[in-house]
Amino acid sequence: MEFELVELDGDAYAFRNTQDDKVLAEISWTMLSDVMVMDHTFVSPDLRGQGVAKKLLDRAADYAREKNFKMEPICSYVVTAFERYDDYNDLKV
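As numbered in the numbering used here, residues 1 to 93 make up the sequence shown, in order.
Rendered as structure tokens:
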């Protein structure tokens with residue numbers, strides 16, 4: 001599954017997967033200096049249970065590493081993932 005980087009407005013961005021102009025999956029954040037404040041994760045009901053949210057977070061984490069950003073979890077999914085997986089320790093504020 002491919003995720004496109006989208007500028008939402010101002011300092012807000014998202015990685016998104018769409019089909020026929022319908023958002024199937026999205027993780028969004030607001031930039032505060034060099035910190036990605038992760039505020040929302042959405043996965044279409046048809047795709048839930050397939051690891052899509054983790055793939056979205058992994059893509060956002062790769063982007064953060066490429067840009068030397070940190071991540072602050074606000075969204076409940078990202079908060080839980082940060083607690084559950086050590087993969088993101090290098091990105092924590």
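Even for Gly, the Cβ is constructed at its ideal location relative to N, Cα and C.
Roughly how many whole angstroms lie between the Cα atoms of residue 4 and residue 79?
23 Å
What three-state label does DSSP hand residue 4 in the structure shown?
strand
Identify which residue in 16, 47 and 67 has its Cα closest to the Cα of residue 31.
67
Less than 7 Å separating the beta-carbons of residue 63 and residue 41?
no
Residue(s) in a DSSP beta bridge with residue 22
19
If you run the structure through DSSP and keep just helix, strand and coil, what is residue 58?
helix
For residue 49 and residue 96, the rounded distance between their alpha carbons
Look at the range of the chain in this structure, 1 to 93, and you will see that residue 96 is not part of it.
Does DSSP put residue 93 in a helix, a strand or coil?
coil
Checking 7 Å against the spacing of the C-beta atoms, do residue 15 and residue 57 come in under that value?
no
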